[in-house]
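Student:
2 protein chains.
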Amino acid sequence: MSVTVVGSVAFDALETPFGKRDRILGGAATHFSLAASFFTQAHVVGIVGEDFGEDEFSVFSARGINTTDIKRVPGGSSFFWAGRYDEDMSVAQTLDTQLNVFADFDPELSTEARDCSILFLANIQPELQRRVRAQCPDARFVGLDSMNYWIKSARDSLVKAMRSVDAIIFNDVEVRMLTGEPNLSVAAHRIRELGPRVLFVKQGSYGACMYSEVGFFSIPAYPLETVVDPTGAGDSFAGGLCGYLDSLGGGRPTENQLRCAAVYGSVLASFTVEDFGTERLQRLTDQEIADRFQEFKQMTVFEAPQVLATLKR
Amino acid sequence: MSVTVVGSVAFDALETPFGKRDRILGGAATHFSLAASFFTQAHVVGIVGEDFGEDEFSVFSARGINTTDIKRVPGGSSFFWAGRYDEDMSVAQTLDTQLNVFADFDPELSTEARDCSILFLANIQPELQRRVRAQCPDARFVGLDSMNYWIKSARDSLVKAMRSVDAIIFNDVEVRMLTGEPNLSVAAHRIRELGPRVLFVKQGSYGACMYSEVGFFSIPAYPLETVVDPTGAGDSFAGGLCGYLDSLGGGRPTENQLRCAAVYGSVLASFTVEDFGTERLQRLTDQEIADRFQEFKQMTVFEAPQVLATLKR
Numbered sequence: 000m001s002v003t004v005v006g007s008v009a010f011d012a013l014e015t016p017f018g019k020r021d022r023i024l025g026g027a028a029t030h031f032s033l034a035a036s037f038f039t040q041a042h043v044v045g046i047v048g049e050d051f052g053e054d055e056f057s058v059f060s061a062r063g064i065n066t067t068d069i070k071r072v073p074g075g076s077s078f079f080w081a082g083r084y085d086e087d088m089s090v091a092q093t094l095d096t097q098l099n100v101f102a103d104f105d106p107e108l109s110t111e112a113r114d115c116s117i118l119f120l121a122n123i124q125p126e127l128q129r130r131v132r133a134q135c136p137d138a139r140f141v142g143l144d145s146m147n148y149w150i151k152s153a154r155d156s157l158v159k160a161m162r163s164v165d166a167i168i169f170n171d172v173e174v175r176m177l178t179g180e181p182n183l184s185v186a187a188h189r190i191r192e193l194g195p196r197v198l199f200v201k202q203g204s205y206g207a208c209m210y211s212e213v214g215f216f217s218i219p220a221y222p223l224e225t226v227v228d229p230t231g232a233g234d235s236f237a238g239g240l241c242g243y244l245d246s247l248g249g250g251r252p253t254e255n256q257l258r259c260a261a262v263y264g265s266v267l268a269s270f271t272v273e274d275f276g277t278e279r280l281q282r283l284t285d286q287e288i289a290d291r292f293q294e295f296k297q298m299t300v301f302e303a304p305q306v307l308a309t310l311k312r
Numbered sequence: 000m001s002v003t004v005v006g007s008v009a010f011d012a013l014e015t016p017f018g019k020r021d022r023i024l025g026g027a028a029t030h031f032s033l034a035a036s037f038f039t040q041a042h043v044v045g046i047v048g049e050d051f052g053e054d055e056f057s058v059f060s061a062r063g064i065n066t067t068d069i070k071r072v073p074g075g076s077s078f079f080w081a082g083r084y085d086e087d088m089s090v091a092q093t094l095d096t097q098l099n100v101f102a103d104f105d106p107e108l109s110t111e112a113r114d115c116s117i118l119f120l121a122n123i124q125p126e127l128q129r130r131v132r133a134q135c136p137d138a139r140f141v142g143l144d145s146m147n148y149w150i151k152s153a154r155d156s157l158v159k160a161m162r163s164v165d166a167i168i169f170n171d172v173e174v175r176m177l178t179g180e181p182n183l184s185v186a187a188h189r190i191r192e193l194g195p196r197v198l199f200v201k202q203g204s205y206g207a208c209m210y211s212e213v214g215f216f217s218i219p220a221y222p223l224e225t226v227v228d229p230t231g232a233g234d235s236f237a238g239g240l241c242g243y244l245d246s247l248g249g250g251r252p253t254e255n256q257l258r259c260a261a262v263y264g265s266v267l268a269s270f271t272v273e274d275f276g277t278e279r280l281q282r283l284t285d286q287e288i289a290d291r292f293q294e295f296k297q298m299t300v301f302e303a304p305q306v307l308a309t310l311k312r
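Residue numbers (numbering that gives the first Met the number 0), protein chains in the order written: chain P, 0 to 312; chain Z, 0 to 312.
(1) Apart from the five residues just before and just after P:Gln-297, which ones in its own chain have a Cβ nearer than 6 Å to its Cβ?
(2) Closest to P:Pro-222 by C-alpha separation, out of P:Gly-242, P:Arg-196, P:Val-131, P:Ser-269, would be which residue?
(3) Could you name the residues of the same chain whose beta carbon sits closer than 8 Å to that of Z:Lys-159, not counting the 5 residues immediately before and after it, in chain order?
(4) What's the gap between the Cα of P:Leu-280 and the Cα of P:Ile-46?
(5) Between the region 175-204 of chain P and chain Z, which residues of the former have a C-beta closer than 9 Å to a C-beta of the latter?
(6) At a threshold of 7 Å, does Z:Leu-283 count as lining the ligand COA (C-beta to nearest heavy atom)?
(7) Considering only C-alpha positions, which residue in the set Z:Ala-232, Z:Thr-230, Z:Leu-198, Z:Gly-248 is nearest to Z:Arg-258?
(8) With a 10 Å radius around its C-beta and 16 neighbouring C-beta atoms as the bar for buried, classify Z:Pro-136 as buried or exposed.
(9) Between Z:Val-185 and the rest of its own chain, which residues show a CB-CB distance below 8 Å, the 5 nearest in sequence each way excluded?
(10) Quick one: what does DSSP say Z:Arg-312 is sitting in, helix, strand or coil?
(11) Please confirm if P:Arg-312 has its CB atom under 8 Å from at least one CB of chain Z.
(12) Would P:Leu-94 be called buried (16 or more neighbouring beta carbons within 10 Å of its own) or exposed?
(13) Figure out for me which residue from P:Arg-196, P:Met-176, P:Cys-115, P:Leu-143 has the closest Cα to the Cα of P:Thr-39.
(14) Going by DSSP, which residues form a beta bridge with Z:Trp-80?
(15) Under 8 Å by Cβ, that's how I've got P:Ile-190 and P:Val-172 pegged, so tell me the actual separation to the nearest angstrom.
(16) Report yes or no: do the region 1-14 of chain Z and the region 64-71 of chain P share at least 3 C-beta pairs separated by less than 8 Å?
(17) Does any residue of chain B have a CB that is nearer than 8 Å to the CB of Z:Thr-96?
(18) Which residues in the same chain have their Cβ closer than 8 Å to the Cβ of Z:Asn-122, if we skip the five residues on either side of it in sequence?
(19) What's the gap between the Cα of P:Thr-277 and the Cα of Z:Glu-192?
(20) Listing by chain order, which chain Z residues have their CB less than 7 Å from the CB of P:Asn-255?
(21) In or out: P:Ala-220 buried (at least 16 other Cβ within 10 Å) or exposed?
(22) Closer than 7 Å by beta-carbon distance: list the chain Z residues that pair up with P:Glu-86, in chain order.
(23) Do the CB positions of Z:Ala-9 and Z:Gly-25 come within less than 8 Å of each other?
(24) Whose CA, out of P:Asn-182, P:Glu-111, P:Tyr-84, lies closest to the CA of P:Ala-12?
(25) Check whether the Cβ atoms of P:Leu-108 and P:Val-131 lie closer than 8 Å to each other.
(26) Taking Cβ-Cβ distances shorter than 8 Å, what residues in chain Z pair up with P:Pro-229?
(27) Using 8 Å as the threshold, is the C-beta distance between P:Gln-202 and Z:Tyr-205 below it?
(28) With 16 other CB atoms within 10 Å as the buried threshold, where does P:Gly-242 fall?
(29) First and last residue of the alpha helix (DSSP H) that includes P:Ser-246?
(30) Assuming contact is defined by CB atoms lying nearer than 8 Å, are P:Arg-22 and P:Phe-275 in contact in what I supplied?
(31) When we look at the beta-carbon of P:Arg-291 and count the other beta-carbons within 10 Å, is it buried (16 or more) or exposed?
(32) Quick one: which residues of the region 212-245 of chain Z get their C-beta closer than 9 Å to a C-beta of chain P? List them in chain order.
(33) Distance cutoff 8 Å, beta carbons only. Does P:Arg-258 sit that close to anything in chain Z?
(34) According to the Cβ coordinates, are P:Asn-182 and Z:Glu-224 closer than 8 Å?
(35) Name, going along the chain, the residues of the region 9-40 of chain Z whose beta-carbon falls closer than 7 Å to a beta-carbon of chain P.
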């Protein structure tokens, strides 16, 4: 039982109204695997440069994450992203992107990485997502993320990749962009018609929702008074979600398991944004996760009145 | 036991991607009272012109709404608003506003209207809201709405009005504008510090949330595939909310009652936007309301796993 994630492992430079970091550990696969590691064995497939050293690898090993499929290129530099968030923390402004070794990423998964029960294809070139998908034919649940860049530049390839997975985990802008449909419910319907049985939609400070065979499920974001750095929230959401599903063992997830997975995803995302990069997840405890899950329950529960109010008239 | 609402009763001209209406019944107090009428006796305080006739009054009387406090000005014209919604149905573009008789609105409530158990001060000049509030000292629950115009032009008067009520029902833009605070949780805290024990925040297609002594509660919007006309959604939300609270009888509403009220508000709002103006609420049934309330329950429920997933490691 393990989750394999394929995606970026990187250095980030970040500026938010709450501070600044010049060069910290980042990348989709990093955030994903840290979040998943609270629930199951996580396995990262990625590529880094010689600048990626013991300090960085130790963040993974401290959480028992398998990094044998992180290829380290001698003389190379790791993927680097610099971004800034202004007062409206919902949109990042990209200041710099250096693909470096990531430009030549074309992973051949180890037997161990292929032997996962759950596979997550983080935001990378759709052609690569498809090649990785083909390497893991036995995964019982496969999730996929993407971004506006691929939706615009490689739509056909992305749609093919989407057809081969169980779950799409997009933000609402991506859902609308891919389908050209402003109404989220209609757009969700279109995406599920492509093949994936479930669509999770990340909605930033509004939370997340899920469209499945059963219908619609929604979970708010945790009402934080301070969001220090939103970077990695979406990948932590996916990591908590997939990690939790993996911890349940074999079989097709039930509707309630998918819903709880979305809640665990929201729990992990809510912690990630409390500090820069991976800093909060590095010091997160199982008990904090369990407590916040209960808080999510409290934030959404209501007991229907026994006598329906409308019978009154 | 009755709900009194003070606000606009008007004619609207509307254009949306789904059609057009040249002159239909509208106004905040109209939408509010129709929604509330499914739960309790509603009483409208407003002003109209001679152009407001039997056709319009019959919409209220068909739902048992008391209109004796709607003042009809001989020779005058009713408040008129023309608006358009483009593909993004979340924002209305105002094409025309004619205040007409509404410019001289300064209501003296009848004994019957004053004798309400719940009072709702819809979006009117804050000075008027305060005068009406003073006329209903015995109301056990008072709600208040406003708009960007008053927040900018009459902030001090509005804050005074807010201090005299139990509940604020704003949209998220208004909450941020009034407080100058981009973080909704911080902004909510500031608003509750002014006096109101509860803040309901309308978030359009994202739903609504509530901040109370107990904490945070969130309810999604009903996932409609077609929103025909969003006009009146916010006022129907407030009407369903206040109407339901009134139907519960005396006493201070409990946390669960406030939550169910927010859900009933969301139910009524979701029906309102299914057709133009008041058209959907005019043909709405008690059973449809009861069924959709249950659907909201289904859209938000999840059963926490018995063994916490995080205990696994």
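For glycine and all other residues, C-beta sits at the position ideal for the given N, C-alpha and C.
Tutor: This is what the structure holds:
(1) Residues of the same chain with their beta carbon placed closer than 6 Å to that of P:Gln-297 are lacking, with the five preceding and five following residues left out of the count.
(2) Taking the Cα of P:Pro-222 as reference, the smallest distance to any Cα among P:Gly-242, P:Arg-196, P:Val-131, P:Ser-269 is reached at P:Ser-269.
(3) Here the set comprises Pro-125, Arg-129.
(4) In this structure, the straight-line span from the alpha carbon of P:Leu-280 to that of P:Ile-46 is close to 22 Å.
(5) So the list reads Pro-181, Asn-182, Leu-183, Ser-184, Val-185, Ala-187, His-188, Gln-202, Ser-204, given in the order they occur along the chain.
(6) The ligand COA is not part of the structure shown, which contains no ligands of any sort.
(7) It is Z:Leu-198 whose Cα lies nearest to the Cα of Z:Arg-258.
(8) The residue is exposed, with fewer than 16 neighbouring Cβ atoms inside 10 Å.
(9) Cβ within range, chain order: Thr-178.
(10) Because the pLDDT at Z:Arg-312 is just 46, under 50, the model does not fix this residue reliably, and the point stays unresolved.
(11) Confidence in P:Arg-312 is poor, its pLDDT being 46 and thus under 50, which makes the residue's placement too unreliable to answer from.
(12) Under the 10 Å beta carbon count, P:Leu-94 is surrounded by fewer than 16 other beta carbons and is classified as exposed.
(13) For P:Thr-39, the closest of P:Arg-196, P:Met-176, P:Cys-115, P:Leu-143 by C-alpha to C-alpha distance is P:Cys-115.
(14) Per DSSP, Z:Asp-11, Z:Thr-96.
(15) Wrong, their Cβ atoms sit about 14 Å apart, outside the cutoff.
(16) Flag = no, the region 1-14 of chain Z and the region 64-71 of chain P do not touch.
(17) The structure shown has no chain B; the protein chains it does contain are P and Z.
(18) Residues Gly-6, Ser-7, Ala-27, Asp-144, Ser-145, Met-146, Trp-149 of the same chain have their beta carbon placed closer than 8 Å to that of Z:Asn-122, with the five preceding and five following residues left out of the count.
(19) Spanning the two alpha carbons is a distance of roughly 34 Å.
(20) Contact note: P:Asn-255 reaches chain Z through Phe-301, Glu-302, using a C-beta cutoff of 7 Å and chain order.
(21) Within a 10 Å sphere around the beta-carbon of P:Ala-220 sit 16 or more other beta-carbons, which makes this residue buried.
(22) Correct list: Pro-181.
(23) Contact check for Z:Ala-9 against Z:Gly-25 passes: the beta carbons are separated by less than 8 Å.
(24) When each option's Cα is compared against that of P:Ala-12, the closest is P:Tyr-84.
(25) Yes, the pair counts as a contact, with Cβ atoms nearer than the cut-off.
(26) Within 8 Å Cβ-Cβ: nothing; P:Pro-229 doesn't reach chain Z, min ~12 Å.
(27) Yes, these two residues count as a Cβ contact at 8 Å.
(28) So P:Gly-242 ends up on the buried side.
(29) Counting along the chain, the alpha helix (DSSP H) containing P:Ser-246 begins and ends at 232-246.
(30) Cβ atoms of P:Arg-22 and P:Phe-275: not closer than 8 Å.
(31) Looking at its Cβ environment, which holds 16 or more other Cβ atoms inside 10 Å, P:Arg-291 is buried.
(32) For the region 212-245 of chain Z, which is checked against every Cβ of chain P, the residues closer than 9 Å are Val-213, Gly-214, Phe-215, Phe-216, Ser-217, Ile-218, Pro-219, Ala-220, Tyr-221, Pro-222, Leu-223, Glu-224, Thr-225, Val-226, Gly-242, Tyr-243.
(33) In terms of beta-carbon proximity, P:Arg-258 lines the interface with chain Z, with at least one pair separated by less than 8 Å.
(34) In this structure, Z:Glu-224 lies closer than 8 Å to P:Asn-182 by Cβ.
(35) Only those residues of the region 9-40 of chain Z whose C-beta falls short of 7 Å from the nearest C-beta of chain P are listed: Phe-37, Phe-38.
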